[in-house]
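Asks:
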Amino acid sequence: MSNQRIVLDQDVVVTHLQGKMYLVAADGSQRFVAEGDVLPKDAVLLAPEGASFQGGETTFTLGSGERPEQGDAVLANAGTPDDIAALQQAILDGTDPTKAFEASAAGGAPAAGNAGGVAGASGNGGFVTIDRTGDATISSAGFDSANPADAAPLVDVQSSEDELVDLTAPVITVSAPDNTNDRTPTLTGTTDAPAGSTVTLVVTDANGNQQTLTATVQPDGSFSVDVTTPLAEGGYQVTASVTDPAGNTGTATDDGSVDTTAPIVTVNAPDNTNDNTPTITGTTDAAPGSTVTLTVTDANGNQQTLTATVQPDGSYSADVVTPLPDGGYDVTASVTDPAGNRGTSSDDGSVDTTANITVSLDDVNAANVANTPISGTSDVGPGRTVTLVISDATGKSVTVTAVTDADGNYQTSADLSGLADGNLTVVASVTDAAGNPASATDDTTLLDTTPPDASITLDGNITPDDVINAAESKQDIAVTGRVGGDVKEGDTVTLTVNGKAFTGLVLADKTFSINVPGSELVADGDKVIDAKVTTTDAAGNSTTVTDTEGYSVDTLAPSVVVHIVDDKLTVGETSPVTFTFSEKVTGFELDDLTVGAAP
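Take full-length UniProt numbering: the final residue in the sequence shown is number 599, and no numbers are missing along the way.
#1: Asp-259 and Gly-250 - do their beta-carbons sit closer together than 9 Å?
#2: Taking the beta carbon of Pro-278 as the centre, do at least 16 other beta carbons fall within 10 Å, making it buried, or is it exposed?
#3: Just reading off the beta strand (DSSP E) that Ala-286 is part of, what are its end residues?
#4: Apart from the five residues on each side of it in sequence, which residues of its chain come closer than 6 Å, Cβ to Cβ, to Thr-399?
#5: Are Asn-274 and Thr-353 touching if we call contact CB-CB under 9 Å?
#6: Please list, in chain order, all residues of the same chain as Phe-502 whose beta carbon is under 7 Å from its beta carbon, the five residues on each side excluded.
#7: Please list the terminal residues of the continuous beta strand (DSSP E) segment that includes Gly-343.
#8: With a threshold of 16 other CB atoms inside 10 Å of the CB of Asp-205, please say whether the residue is buried or exposed.
#9: DSSP three-state label for Glu-549, please.
#10: What do you get for Asp-415, buried or exposed, if any count of 16 or more other CB atoms within 10 angstroms of its CB means buried?
#11: Take Asn-248 as the anchor and find which of Leu-231, Thr-281, Lys-500, Leu-167 has the nearest alpha-carbon.
#12: Take the Cβ of Asp-144 as the centre, count every other Cβ of all protein chains shown within 10 Å, and call the residue buried at 16 or more, exposed below.
#13: Taking DSSP as the reference, what is the three-state secondary structure of Lys-500?
#14: Span of the beta strand (DSSP E) holding Leu-446?
#15: Given a threshold of 16 other Cβ atoms within 10 Å of its Cβ, counted over all protein chains shown, does Phe-223 qualify as buried or as exposed?
#16: Could you give the distance in angstroms between the alpha-carbon of Ser-334 and the alpha-carbon of Gly-340?
#17: Nearest by alpha-carbon distance to Ser-575: which of Leu-424, Thr-543, Ile-564 is it?
#18: Am I right that Ser-315 and Thr-283 are in contact with their C-beta atoms under 8 Å? What's the rounded C-beta distance?
#19: For Glu-69 and Leu-46, what's the separation of their Cα atoms in angstroms?
#20: Quick one: Cα of Val-331 to Cα of Ser-360, how far?
#21: Once you ignore the five residues that flank Thr-492 on each side, which residues in its own chain have a CB closer than 8 Å to its CB?
#22: With DSSP run on the structure shown, which of helix, strand or coil describes Ser-413?
#23: Who are the Cβ neighbours of Ser-559 in its own chain at under 6 Å, not counting the five residues just before and after it?
#24: Identify which residue in Ser-175, Thr-15, Gly-381, Thr-457 has its Cα closest to the Cα of Ala-406.
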């Protein structure tokens, strides 16, 4: 059974009602129309076809039949035959039939051109305007013009339904996930439409592309469906609609957004710092107020997790809580945007809270005092400047610098000739890249530029007679002598004979003995032995002294001339005999003579 919707164009008092009619209030609620009700102008009524009511003495019937267009006059079976005849005649004459009506009790007669209405001849009639709204049309109403006396009785409307007519659209909500990194998000919502109803969802992405999805209402009123075609990044809109069994359609719209781009984040872990709780800094394009998570792993593998809040300018910072040990460390920063996209970045740093350095300055002597080498080691790395201050016992000092090499080692030289002999103190100082200072001191260095005292003396005779004879020329001759002063045991004595060097060591009693071949002594041109000894003190100062000793060489055998005064002797005679030697001889005795007959 279809229901009709009518709108009154004036006040009507219901004096008789047949069938059921409903008065629709402004809030959409409905109630039954009862006899005696005063229905105001513009009241909205709902009634099944064939229902009727009487206003005053006029009866209005909504009957079945051909449906009029919007604005057509619809007349009920009402009035007296005279009224009808007058109406018919007016129509036949081509005049406006409403001009013949009397004014009603509710007001004056309608102006010409109003949508149709009727009034009883006795003057208590009412007017009804029946409009078509939505898809509903209003059945025509009329009377039998051939026999007004046999006007049709009121239609007896039979209704099997007592419930109110449903004009209310179902309520529906829809939720489009916002800031999601899921390009096929799940759309959800609720509705009071019956379970099993179909919800239609039209999804329009950022590029204007549309897709239509459907979901089924669950017993609890919820519905959900996944987007099928991946959405473009950016905003999107979802319109959900559902129609209830009465044909009422409810709609809802929600906007969402898709974001699949991870935020950019940078992190800076301080390097070569002597702060073992360094401040970690960085930037990100994540929204201010976002939380950056920092995972710090130290040189021993221990981890700690820090958090920082993104500032309005995109920066963030956090201090390490647990002190880091010396060595390298790693920081990983991560931040997640509202869509769930996670950006990460990492950086390496190092902690150095100590620095070490050594210095070495050997004893200084006269030979190197003007260019004394200084060296040392460090762990400060390359390119660091080492400052060296060398001072003597009087407070005078010399300052030089050196630069560390790739291994942290350094070396330089200094002119210490202006310092006094004695102990020296050298202090080396340096600062590493982390700002840690280091220093070292050496106070064991001796500055000694005074040479040692020394002497050497060769013994006077290299042979008993200081002459190399033929026999000695074929032997080694021990050349001996003595040293003095600071010359010490173990020092080397060098003899030069015939252009050749012959060496020997000083003995504990400061004597020496060096064998020289007699042949070299014989061959030596000037028959002079050159002796030399060099001694060095603890500071490295050296003194060399020399001595010479001459000798003779005689390798020819001596000759003798015998002279007999009377070389003709008779028995019993004697004669003086003289012997003349070519050189001085020793050990000659008369017993060495033999007298006999001449050969």
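Note that CB positions come from ideal geometry on N, CA and C, so glycine has one too.
Replies: According to the structure shown:
#1: Locating residue 250 in the sequence shown gives position 250, counting from the first residue. Locating residue 259 in the sequence shown gives position 259, counting from the first residue. No, Cβ-Cβ distance for Gly-250 and Asp-259 is not below 9 Å.
#2: The residue labelled residue 278 in the question sits at position 278 within the sequence shown. For Pro-278, the number of other beta carbons within 10 angstroms of its own is at least 16, and it is reported as buried.
#3: The residue you call residue 286 lines up with position 286 of the sequence shown. Membership of Ala-286 in any beta strand (DSSP E) is not indicated, and neither H nor E is assigned to it by DSSP.
#4: Residue mapping note: residue 399 aligns to position 399 of the sequence shown, counting from 1. These residues qualify, in order along the chain: Val-389.
#5: Position 274 of the sequence shown, counting from 1, holds the residue named residue 274. Position 353 of the sequence shown, counting from 1, holds the residue named residue 353. For the pair Asn-274 and Thr-353, the CB atoms are nearer than the 9 Å cut-off.
#6: The count along the sequence shown starts at 1 and reaches residue 502 at position 502. Leu-495, Ile-514, Val-516.
#7: For the purposes of this step, residue 343 is identified with residue 343 of the sequence shown, where counting begins at 1. 342-351 is the extent of the beta strand (DSSP E) around Gly-343.
#8: Here residue 205 refers to the residue found at position 205 when the sequence shown is read from its first residue. A residue is called buried once 16 or more other Cβ atoms fall within 10 Å of its Cβ, and Asp-205 is buried on that count.
#9: Stepping through the sequence shown from its first residue, residue 549 is reached at position 549. Glu-549: strand per DSSP, three-state reduction.
#10: The count along the sequence shown starts at 1 and reaches residue 415 at position 415. By the 10 Å Cβ count, Asp-415 comes out exposed.
#11: As a first step, residue 248 is located in the sequence shown; it is residue number 248 there, counting from the start. Cα-wise, what sits closest to Asn-248 is Leu-167.
#12: Working through the sequence shown from its first residue, we reach residue 144 at position 144. Because the pLDDT at Asp-144 is just 41, under 50, the model does not fix this residue reliably, and the value given afterwards should be weighed accordingly. Counting Cβ neighbours within 10 Å, Asp-144 comes out exposed, since fewer than 16 surround it.
#13: In the sequence shown, the residue the question calls residue 500 occupies position 500. The DSSP-derived three-state label of Lys-500 is strand.
#14: The residue given as residue 446 occupies position 446 in the sequence shown. According to the DSSP assignment, Leu-446 belongs to the beta strand (DSSP E) that extends over 437-448.
#15: Here the question's residue 223 lines up with position 223 in the sequence shown. By the 16-neighbour rule on beta-carbons within 10 angstroms, Phe-223 is buried.
#16: Locating residue 334 in the sequence shown gives position 334, where the first residue counts as 1. Locating residue 340 in the sequence shown gives position 340, where the first residue counts as 1. When rounded, the separation of the alpha-carbon atoms in Ser-334 and Gly-340 is 12 Å.
#17: As a working mapping, residue 575 is identified with position 575 in the sequence shown. For Ser-575, the closest of Leu-424, Thr-543, Ile-564 by C-alpha to C-alpha distance is Ile-564.
#18: As a first step, residue 315 is located in the sequence shown; it is residue number 315 there, counting from the start. As a first step, residue 283 is located in the sequence shown; it is residue number 283 there, counting from the start. Rounded, the Cβ-Cβ distance is 5 Å, consistent with contact.
#19: Counted from its first residue, the sequence shown places residue 69 at position 69. Counted from its first residue, the sequence shown places residue 46 at position 46. Note that Glu-69 scores a pLDDT of 37, beneath 50, so its modelled location is shaky; the value from the coordinates is reported in the next line. Between the C-alpha atoms of Glu-69 and Leu-46 there is a straight-line separation of about 18 Å.
#20: If you number the sequence shown from 1, residue 331 lands on position 331. If you number the sequence shown from 1, residue 360 lands on position 360. So the two alpha carbons sit approximately 40 Å from each other.
#21: For the purposes of this step, residue 492 is taken as the residue at position 492 of the sequence shown. Same-chain partners within the cutoff: Thr-503, Gly-504, Leu-505, Val-506, Val-533, Thr-534.
#22: For the purposes of this step, residue 413 is identified with residue 413 of the sequence shown, where counting begins at 1. Ser-413 falls in the strand class under three-state DSSP.
#23: Working through the sequence shown from its first residue, we reach residue 559 at position 559. Cβ within range, chain order: Ser-582.
#24: As a position in the sequence shown, residue 406 is number 406, starting the count at 1. Checked all of Ser-175, Thr-15, Gly-381, Thr-457; the closest Cα to Ala-406 is Gly-381.
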